[in-house]
Each structure stands twice: as C-alpha cells, then as structure tokens.
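Here it is as structure tokens:
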C-alpha cells in the first residue's frame, strides 16, 4: 500500500519508513527537519552520527532498489500539507510530525506554547487536508501512554465502559497527562475523535509507550542508514540514556524513588505495530485506540537491569537517585491493557540481556561523542522558566564554550521559539 | 476584592464587570475588541446598539462614582498579559477572553485553527503569568457544558468516581465536545488542571450552559450601558435568537427534531455565579469545576415557550424544523448535576413568562436593526469550508450589497483569520 510518513526523518519515523519500504509498501516521507534543529538549539547531538536525508535515501535506494519519496515542509503550513496529500495520494498517513519531548515542552512558556500550537495545528491541518482531498485515507496517529497518567484503576485502550447511577455508556478514557507535551497529545486525541465523528474519517490513535533501541534490520544494512540515538535529558528516552551512562561510567540518573511505572517497547516493535495498524484499517468514521507497548517496568527496575548487564561487560555503574524534576507519583498503581496489537499479530521483542548488550555496545562504540554534561536534568516542572538550551552551553565546560545568551527565552506572539519558522 | 475581568467588553464579560463593580469590588477589564471585529468580519451587528468602551466606562463612573480600570490588549501577547497581571494585582481573574462561538469555529480550517490556537495560547499565557507574578490569585475560567457532550450517563461536576475491575479512582469526567470551539475549552480544562497540579495554582472552571437575556440591574441604569444581544446564527444563543425571530414574524429556526437538551441560565445568574466563585476561592493547588446552569430544556421546548409568550403579545409565529447543520444527537438522554453553585448561595432566576416578555419587548424595540438574512444557518459541520462571513453579504439582499470576496477564507501560517493580528 502507499504509506505517507510525516516526520520520517526522526527517531521512530526513519525506522518506520525503512521498515515499510522493506516490506514492499510504497513509502513517502515529509519532514521539516525540526528535530535536527532542536538538537542545535539545545547544543546536543545524537550519540549516533546521522546522515543527511539525501544520503540516507540514496543509500537505501542503492541497497534495495526501493525509492522513498521525500517532501520537505511543515504540516503547520496548510498549503504544504494539503498539496502533499494530493501529490502522494496515500492509503495511510502515519503522523509522527510533532514535538515529542516532555522536558522540551516544560522549558518555559515559549516552549510550552510552541509545543501545543505546533502539535495541535499540524494535526488539525492534516485532518482538514484528509477531509478535503483524501477522505478514505487511514490516519495512523502517534499518541502516547502518557496521555492516561497514572490512575488508580486499570487503563483500557482508549475507551472505558462506565456504569453510573444505574446507567451505562462507553466513553473516552479520562486523561491526566503529565506535561505540556503530553497535554498536546490529549488535545490531538480529542480533535481526531471529533473529526472522525463529523466527517466520517478513520483513524488509529497509537498510545505508544517509551521506545528503546535503535537498530532495526533495515537500519543495520549500512552505516549511512543509522538511526538517531538520543541520550540527553531532554530528548533521550530513559533506557537509551541509562545505557550511554553505563558505557561512560556515569551513574544512572533515576528521578526520585524510581517507582514510576510505564509501558515500554523495542523500536523493532514500533515499526511492526505501525504496519499492523496500516494493514488493518478501521471502518470509515471509526476512531480506534491501541496501547502500543509490550512490557511495564519501573524506572528503578530498568536501572538495575542495565547495571547487571553492564557488570557482565566489566562496566561498574552506580545508581543515583536525584530529586525528581517532574511532578509525578514516584510510586503508584499501574496496569495498562495492551492486547489489541497482539491480537493483530504483534510478536513482541521483550527486553532481554542481548538487547541490553547490543545497546551498551552501540554506546561504547560511539562513546567519544558523548557529552556528559547532557545527562543531568535541567528542566524542573515546578519552574515557569528553566535555563535550558544554548544559554547553558557556556556552563557545560566540555562543549560549546561560546557566549550564547538568551537565544531560547525570547519571542512573543504565537509563542514559537525563535528560529522555528512559521 | 480586586477582580480582573478578561474579555470584559463582551456579552457576559460586560455584565459581569458592572455587577462586580456595583457589589463594591474593585474591577479592571482587559479586552482586545475581538468580539466587535468578528461582527465586522461576519457583516453582523448586535440587536442592541452598544457604545464604545470609553463611553461605557464614563457613564458607569458618572452614575455610580465607581471607576473600572481598562487595559486594551490581547492575552495571546504574553508581554501584555504578564504586565497587566503585575499592574492590576488581582485577587481573582475572570477569564472570558476567548472565541466562544461553535459555528464560528466550524466555518473552515482557518477559523478552527484560529479558535484553538487563540483560546489555548491565551489560557496558557494567563497560567504562566499567574505562576510568575501572582501565584495566589484565583483563576475563574469560563468553560462550557458543551465540553461534556451528551453521554448516556448522568453528568457530574468535573470529576467522576469510577469503579473498574475492583479498583476505584476519582477522575476527570470524560469529554465529548461537539465543535472545534468546544474542543478548545476541553484543551483549556486539561491545561488548567495540570497547572494547578504542578504549580499549586488555584482555579474554578465554570462549565456554563447557554446564556439568555441581556438586561441586568446595572445594564438597565442607562442606555449607554446596554449589553450586546446577538441573534445571528453564528454568535446568537438560541433563546435570544428565537425572541428576535418572533418579534419580526420570522419562523423559529429549530435544528432537526429539536430534542437537543442543554443546560440554560439567565445572564443575571451568570454574573452572580461569577461573584460566588470569586468569594469562595478554592484552596491552593485545587482545580474545582462547577456546572453553571439552572434549568434543562430541549430546543423545541424553548421554541414552544417563545411561541406561547409571543401569542399573548399578538405575535403569531411558526416553528420551522431545518435540517440540523450540526452533527449531534437530536434526541438523547441528558441529566447534568448543578448543585455546587446553589450550595454557595445561588438563587436562580428561572425562565419565566415575564422574562420572555422582556426579551420580546427588547427585540420589538430594536426590530428596525434586525437583518433577517442572519437567521438561517450557513455553517454546516459536515463541510470543511463554509461560505460564511463577508463573502455571503452580497447574497443577503437587504444589507451590505457590496462586492466583498474571499475576505474570510484566506491566510496561512498559524491559521488566524486575516486581520486578527498576532
């Protein structure tokens, strides 16, 4: 089928585009390179050296004979997204094209407003473009398990049957998101549900857990196809960050008690889940929700797993409990259903020692690229302004000792951080 | 106490500002005149002739000796809202400063994106300004009963206790809003709940029903204080519109079967509810939700009430059932709790014949200002683009026979309709 991957230059998007292409689907990517720009803004680079999009696509084509179409542009620009939908004529659109970091959204007002305006506007534009130009197309939207928060009841997949005062209804599962970023995804979910209702569009909202890993079969084919691997406190997901910390002998940075339980999945399952969703489209008018993760862990459990795997490689690593920069329960009930993707055929890659070995080996391979000043949390949920971004580079010591000042905290109007374009 | 009314030049905001001033509170207003501008954009004017803000405020001051402070600006501009909070130093901020029409938000993509970006950004800016400069201040935010939709269970006030698989939690009541406008209020509600949690702010989210009436004791003091009375299909609330239709002998425009049940309240109760919320602030960190309405009616019941009241004034009026331009259940279960404001002391003005007489008399008094072409719904929820606004004026016949074209459907970027500023 023809699948259009929005945000296909990012961590999950790139892996997904290659996987779908390898499986014989015709794939197009759109991206505005925002993710690479945020690295610049924050003075960060991925652990892994990632190539330009032309190099990536040329390599893929040379190796496989498959062409991936690329469209450069921002889905917040309706002219771009509407013409892109008309050009690509997709059967499914996979929408990764959002600002996806909770800490980034919590830096200050500017980043909070940017995250919500960017994500909500992009998704609204996409919904209108589908309604106008491709109403049968299946929208596969990346949500997050973080939309649910940590309620004291079992988390269902999107909807819950509620009995109340002798009556009953199936209603959207109540949401308690934990950052301005997670809130933006909740806003999207409500908007998508409504668009399906009024226009008869069809959508799958994938509430994804925390993704770990970086190597997929496709990415492994060539150095030029390498996926990004983020380990910094803003964009690095927790297990990836722990592995890099272990590789360079830095204590693992556990926030608070570490009893925070979340759903996790291997990036090899991310790409398969996306394909399963695409291959099994909902009926017209349906807004379907899948919880996309394979296992639950507490943060401390992950730290212990990494510590043990590292010890077997003769890496001694300590675990530090830092004051939690987030406002969240450090111990809580957590039990989230995740059976719908399994029913469609997902065979999970559960977290194993060999995967941890592989992650540690990647981290060791690129350890010369590690900037240790990026490990410690600098964005505190309790503050309205956090000195993150270029401003802090001059304090890091071992990188970018330049005199950047105030490049982040500026701007007014619609709240986009300076330089993000319009 | 010192109360800051954002959006104090609008329908509910103006009545509230005067009421609070009359009750001895020190009142400040902020407004960017967006509501007057939307009238221009749509080729509409309120039934009642409304004066400029300087005339309004001068008259109030002359009559009562009370000064209402006025600050002109847009809360989407953080410099404005943050300096305003520092200048006014309010004990409570009453936030009416949003685009509040469901049909306006459904005109096209431009208006949908504008409504959500405007409302979400303004509220986020306000939350950050309170966090930074006035953390003890009580935020009184206008939400809407439309956030809940029409679930098949009783609607609670903001939160519901859910028993599920042997466990129990109190969670936000699930939301099923029915327009891009109503969705914007749901987004706000989630953002406010989160800000109270992470920063310890305190807020009252007032989920208001449909407001009717225009005369309050304060507004009645002088012609120059007259409140706006909207009867057009975009901004006119249903009971007000029916009374104007009856006054000019136009059939009452019931959408579909008319079994749509909603909560309603008299504007004299709106202003009292706001004061009750202000006088009874929640504890720090609490995000409290009140359902602010006094009675439930179906649309058809309201039409019959107006028809009967009109007949006693020798006005014969018919009821037309039009195809419903909205996507909504035309008959459904509806039972919403609304006891918290009553417990705080609200004595409701229930809908009575004398109020209907008063509304009909206002409509008759100003009937020369009525533009009958504004009654019929032109915004259909099922369309991605509706020809509303200046473009349709040339078709109306009896007003503005000019050649405006495409003044509404234009623009790109952040989606604000042309001329709304940034």
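Residue numbers (my numbering), protein chains in the order written: chain Y, 1334 to 1755; chain R, 1334 to 1755. Built from N, CA and C at the ideal position, the CB exists for glycine as well.
Contact between the region 1624-1635 of chain Y and the region 1702-1709 of chain Y is not established, with fewer than three Cβ pairs separated by less than 8 Å. Rounded to the nearest angstrom, the gap between the Cα atoms of residue 1545 of chain R and residue 1604 of chain Y is 53 Å.
Excluding residues up to 5 positions away in sequence, 1342 lie with their Cβ nearer than 7 Å to the Cβ of residue 1366 of chain Y in the same chain.
C-alpha of residue 1502 of chain Y to C-alpha of residue 1484 of chain R: approximately 7 Å in a straight line. Under the Cβ criterion of 8 Å, residue 1411 of chain Y is counted among the residues facing chain R. Among the CB atoms of chain Y, one or more fall inside 8 Å of the CB of residue 1510 of chain R. Taking C-alpha positions only, residue 1449 of chain Y is separated from residue 1513 of chain Y by approximately 7 Å. Secondary structure at residue 1392 of chain R: helix, using DSSP grouped into helix, strand and coil.
Residue 1683 of chain Y is a Cβ neighbour of residue 1627 of chain Y, given a cutoff of 8 Å. Non-local beta-carbon contacts of residue 1619 of chain Y in its own chain, meaning distances under 6 Å to residues more than five positions away in sequence, involve 1535 in chain order. For residue 1502 of chain R, the chain Y residues whose Cβ falls inside 7 Å of its Cβ are 1484, 1485, 1486, in order along the chain. Here the region 1606-1613 of chain R makes no contact with the region 1546-1560 of chain R; the two share fewer than three CB pairs at distances below 8 Å. Residue pairing by DSSP puts residue 1477 of chain Y in a beta bridge opposite Y:1541. A contact is defined here as three or more CB-CB pairs under 8 Å, and the region 1447-1464 of chain R fails this definition with respect to the region 1396-1406 of chain R. A Cβ-Cβ separation of about 7 Å places residue 1441 of chain Y in contact with residue 1717 of chain Y under the 8 Å criterion. Taken in chain order, the unbroken stretches of alpha helix (DSSP H) that lie wholly in the region 1415-1481 of chain R and span 4 residues or more are 1435-1438, 1442-1466. Going by beta carbons, residue 1624 of chain Y and residue 1478 of chain Y fall inside the 8 Å limit.
Of all residues in the region 1420-1442 of chain R, the ones placed with a Cβ closer than 7 Å to any Cβ belonging to chain Y are 1442, in chain order. With contact defined as three or more Cβ pairs closer than 8 Å, the region 1492-1511 of chain R and the region 1453-1467 of chain R are not in contact. Contact with chain R is absent for residue 1644 of chain Y, since none of that chain's Cβ atoms lies less than 8 Å from the residue's Cβ. Secondary structure at residue 1684 of chain R: coil, using DSSP grouped into helix, strand and coil. With 16 or more other Cβ atoms inside 10 Å of its own Cβ, residue 1602 of chain Y counts as buried. At a beta-carbon threshold of 7 Å, none of the residues of chain R lie near residue 1417 of chain Y; the nearest stands roughly 14 Å away. The residues 1714, in chain order, have a CB closer than 6 Å to that of residue 1659 of chain R in the same chain once the five nearest residues on each side in sequence are set aside. At a Cβ-Cβ threshold of 8 Å, residue 1472 of chain Y and residue 1520 of chain Y do not count as neighbours. The Cβ atoms of residue 1505 of chain Y and residue 1508 of chain R lie closer than 8 Å to each other. About 5 Å separates the beta carbon of residue 1434 of chain Y from that of residue 1567 of chain Y, a gap short enough to meet the 8 Å contact definition. According to the DSSP secondary-structure assignment, residue 1338 of chain R is paired through a beta bridge with R:1362, R:1427.
Judged by their CB atoms, residue 1708 of chain R and residue 1629 of chain R are not nearer to each other than the 8 Å cut-off. Residue 1622 of chain Y and residue 1598 of chain Y have their alpha carbons spaced roughly 17 Å apart. At a cut-off of 8 Å, the C-beta of residue 1527 of chain Y has a neighbouring C-beta in chain R. Under a criterion of Cβ atoms nearer than 8 Å, the residues of chain Y adjacent to residue 1660 of chain R are, in order, 1530, 1531. The three-state secondary structure of residue 1650 of chain Y, taken from DSSP, is coil. For residue 1671 of chain Y, the three-state secondary structure derived from DSSP is coil. With respect to the 8 Å criterion, residue 1464 of chain R and residue 1532 of chain R are classified as neighbours on the basis of their beta carbons.
DSSP places residue 1407 of chain R in no alpha helix (DSSP H); its state is neither H nor E.
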